[in-house]
Amino acid sequence: PVANYDWLPMVKKLRGKPAAILKTDNYPLLVTFTDINDPASVKRVDPYDLEKHFGTGVKLKAVTLEITGEPVTKGEVEKVLGWFYEVNRMVPREKIKEYKIGEPIPGLNDFIDWKTQRIVRKKRNKK
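Just so we're aligned, residue 3 is where the sequence shown starts under the working numbering, counting upward by one.
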């Protein structure tokens, strides 16, 4: 599949401006894990039905996007997902067929940028 970067001009316009509330059709992919220690247990979360995954009364009010001058945090995702750099994919090939055509398949790039992934993997491979 070809990546869709239609959102990029919008992000560039936000630099230096207050946070923007996203329209529902621009929400990011939301996921949860049935077992945080197993990347293959990733499950897509419907932003309109958070109660299904998180319990009664849980609702998403809004998603905001803000560009800041703050430094990028490093290591936070890896602390929670200890397996992060040990796998090449979260959804095993044999489970991809469970996703509908056009439905986003959760991947490592949904959690951390590809440049950081490449740097860390190179360091680990040298060990």
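Ideal Cβ placement from N, Cα and C applies to all residues, glycine included.
Within the same chain, 32, 33, 34, 55 come within 7 Å of residue 47 by CB-CB distance, once the 5 residues on both sides are set aside.
Within the same chain, Cβ atoms closer than 6 Å to the Cβ of residue 85 are found at 41, the five residues on either side in sequence being excluded. Inter-segment contact for the segment 87–94 and the segment 107–119 is present: three or more beta-carbon pairs are separated by less than 8 Å. Per DSSP, the continuous alpha helix (DSSP H) segment holding residue 118 begins and ends at 116–128. With distances taken between CA atoms, residue 18 lies nearest to 69 out of 49, 69, 118.
Annotated as distal: residue 52 and residue 67, with beta-carbon spacing of 7 Å or more.
In the DSSP annotation of this structure, the continuous segment of the beta strand (DSSP E) that includes residue 44 starts and ends at 44–46. Looking only at 119, 57, 14, the smallest Cα-Cα distance to residue 87 is reached by 119.
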